[in-house]
Amino acid sequence: MSTDKGLDLSIRSVTKHFGQLQVLKGIDLEIEPGEFVAIVGRSGCGKSTLLRLIAGLEEPTDGEILIDNQKINGVHKEIRVLFQDARLLPWKKVLDNVRIGVRSGSIEIAREALQEVGLADRAEAWPSVLSGGQKQRVALARALAGKPKLLLLDEPLGALDALTRIKMQSLIEKLWREQKFTSLLVTHDVTEAVTLADRIIMIEEGRVALDLRVPLPRPRERNSHFLQLEKVILSKLLVEENDHIDSRQNQVI
Amino acid sequence: MKQLSLQSLAPWGIPVLVMVLWQILGQYGLISNQVLPTPSEVLKAAIQLTEKGELLSFIQASTGRAFLGFLIGGSIGFTLGILNGLSRIAEKLTDSSIQMIRNIPHLAMIPLVILWFGIGEEAKVFLVSLGVFFPVYLNTFHGMRSVDPGLIEMGKVYGLRGWKLFWQVILPGALSSILVGIRYALGIMWLTLIVAETISADSGIGYMAMNAREFMQMDVVVLSILLYALLGKLSDWIASLMERKWLQWHHHYRKTIMN
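In order, the protein sequences belong to chains R and X.
So the first sequence is numbered by the UniProt record's numbering: it starts at 1 and just counts up by one.
So the second sequence is numbered by the UniProt record's numbering: it starts at 1 and just counts up by one.
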């Protein structure tokens, strides 16, 4: 594993409250440089909040987040985020949107990044004429044009159709293997997590409920190992779900 | 090509038809000259006034006032809209006062304005500024507040701050609303000017109309009304040009489906 590219991420007893609501109740995680980690969990479990804390868009109530042993303070310049909606500026053409991600503002680097995601021919198009998958590819180009050392992916493929999603997954995997940045993917899609991640972390009720390595060779095939792993995670998710419902019912009674 | 020119002529179909009908009805005495002069008579009056040099100077006087007032009122409205959109403190300080003044019809200020400024240029420019200020302010402020917060967040993640964030994300996001305000303000601008000039003026189109009324020159009265219509159309056309230039990314303003 190359250590000269990705950032080392360390999360130490991080909690986050929104008023009375306790979203994260103490998260401890060590993520190695270049690692691809997927965070799964039911909606509302706090996984997106964790990502926003790492991105510097929110501050933890307690605990600390260290990047290469430095406590983060606001938005880190080596971190890029791929949001669920592409968030392209509709008033800039595709190439100029990608250029926002280039630190030097160089148009050549933007063009190369667009080439990487296979959209070089759409450089002069307005974002509004692109399909959902194309928009997300432009957003990926914009994120990678800055050569980030940590890429945060907040359910970036959730809104895409199945076929586009599979294509995007292999594109992300390919670029990650080439550029060796650390990746943190938040998703509710267990198959996606098993396809992409070295390690899968399940968050439940604001805590880490599962931390599982994925020892499958890449590119991953849907063989029996794959399916078995998927089943393990899914059943764990479902058990938690039932417990959750049970405890709620008990409270009501 | 033929279709294109036909399409660009289409909006003029109804005005031309009305003119022709009006001319015919007037010529055959179906509409009395005392009620409405025919288009050809109005045209004749226009030519005569142009030869005397009055028409052009009146048009100049009116347009000058209109745009000066628009510039003053519009830029104050724009600046305050931007300021209040960016800063909650500025909004707290000024917004409710502005809303209070907004509810006074600005034309109700005419008697006061005449007492303040007399019937000189200042009175009319002041009234136009006041009328134009509110739509520009309101729409700029609204535009600033309705910029997609997701885009602002994206900008921050990508290291855009301060001036860059404003110029690349916030202002373009607010622009379509700002242009709606400008377009609306241009309408108010002419309306205010017409009323102001009709009540008190010593030059301009409104003055020409009031003067003509005293001498029962129907053709000149109608001419001034038509001039206002044309000038209004002209400023609307300028507004739509701005929209087309600055909002070409917006599907609504794009001429063709693909770029």
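From the three backbone atoms N, C-alpha and C, an ideal C-beta is built for every residue, glycine too.
First and last residue of the uninterrupted alpha helix (DSSP H) at residue 264 of chain X: The structure shown does not extend to residue 264 of chain X, since chain X is modelled only from 1 through 259, so no value can be given for it.
contact_flag[the region 149 to 163 of chain R, the region 108 to 127 of chain R] where n(CB pairs < 8 Å) is 3 or more: no
Chain-ordered chain R contacts of residue 125 of chain X [CB-CB under 7 Å]: Going along chain R, no residue has its Cβ under 7 Å from residue 125 of chain X, so there is no contact; the nearest lies around 34 Å.
DSSP three-state assignment for residue 257 of chain X, whether helix, strand or coil: Here the model assigns residue 257 of chain X a pLDDT of 43, short of 50, so the residue's position is not dependable, and the following value carries that caveat. Here residue 257 of chain X sits in coil by DSSP.
Candidates X:61, X:186, X:154, X:190, of which the one nearest residue 136 of chain X by Cα: X:186
Per-residue contacts from residue 169 of chain X into chain R (C-beta, under 8 Å): 89
Under 8 Å by beta carbon: chain R residues contacting residue 149 of chain X: What residue 149 of chain X touches in chain R: nothing, since even the nearest Cβ is about 10 Å away.
Residue 130 of chain R vs residue 169 of chain X beta-carbon contact at 8 Å: no
Member of R:216, R:193, R:34, R:12 whose CA lies at the smallest distance from the CA of residue 148 of chain R: R:34
Contact between the region 51 to 71 of chain R and the region 204 to 220 of chain R (3+ Cβ pairs under 8 Å): no
Coarse secondary structure for residue 141 of chain X, derived from DSSP in three states: helix
Whether residue 218 of chain X touches residue 15 of chain X by CB criterion (8 Å): no
Close beta carbons around residue 8 of chain R, own chain, < 6 Å, minus the five adjacent residues each side: 33, 68
Whole-angstrom C-beta distance between residue 202 of chain X and residue 119 of chain X, which should lie under 8 Å: 7 Å
For residue 70 of chain R: DSSP bridge partner residues: R:67
CB contact below 8 Å: residue 163 of chain X versus chain R: no
Any beta strand (DSSP E) of 3 or more consecutive residues that is wholly inside the region 70 to 106 of chain R: 79 to 82
Reduced DSSP secondary structure (H/G/I, E/B, other) of residue 23 of chain R: strand
Three-pair Cβ contact test at 8 Å for the region 157 to 165 of chain X versus the region 79 to 92 of chain X: no
Nearest neighbour of residue 105 of chain X, chosen from X:93, X:114, X:192, X:240 [CA to CA]: X:192
Span separating the alpha-carbon of residue 44 of chain X from that of residue 56 of chain X: 15 Å
Beta carbon of residue 228 of chain R nearer than 8 Å to that of residue 192 of chain R: no
Beta-carbon proximity list for residue 232 of chain R, same chain, < 8 Å, skipping 5 on both sides: 212
is_contact[residue 38 of chain R, chain X] using C-beta, thresh 8 Å: no
Which listed residue (R:98, R:29, R:17, R:84) has its alpha carbon closest to that of residue 254 of chain R: The shown model of chain R, from 1 to 253, leaves out residue 254 of chain R, and the question about it has no answer.
Contacting positions in the region 228 to 253 of chain X - beta carbon closer than 9 Å to chain R: 246, 247, 248, 249, 250, 251
Proximity to residue 39 of chain X [Cα-Cα], best of X:228, X:110, X:220: X:220
DSSP beta-bridge partners of residue 202 of chain R: R:40, R:210
Nearest to residue 200 of chain X (by Cα), restricted to the options X:226, X:223, X:127, X:144: X:127
Run of the beta strand (DSSP E) containing residue 8 of chain R, from where it starts to where it stops: Careful: residue 8 of chain R lies outside any beta strand (DSSP E) and carries neither H nor E.
8 Å Cβ cutoff met for residue 238 of chain R and residue 37 of chain R: no
Straight-line gap, residue 120 of chain R to residue 110 of chain R (C-alpha atoms, nearest Å): 10 Å
9 Å Cβ cut-off: residues of chain R touching residue 172 of chain X: 89, 90, 91, 92
Member of R:45, R:160, R:106, R:197 whose CA lies at the smallest distance from the CA of residue 218 of chain R: R:197
Span of the alpha helix (DSSP H), counted from its first residue to its last, around residue 195 of chain X: 171 to 199
Neighbourhood of residue 46 of chain X by C-beta, 8 Å cutoff - its chain only, sequence neighbours within 5 removed: 55, 223
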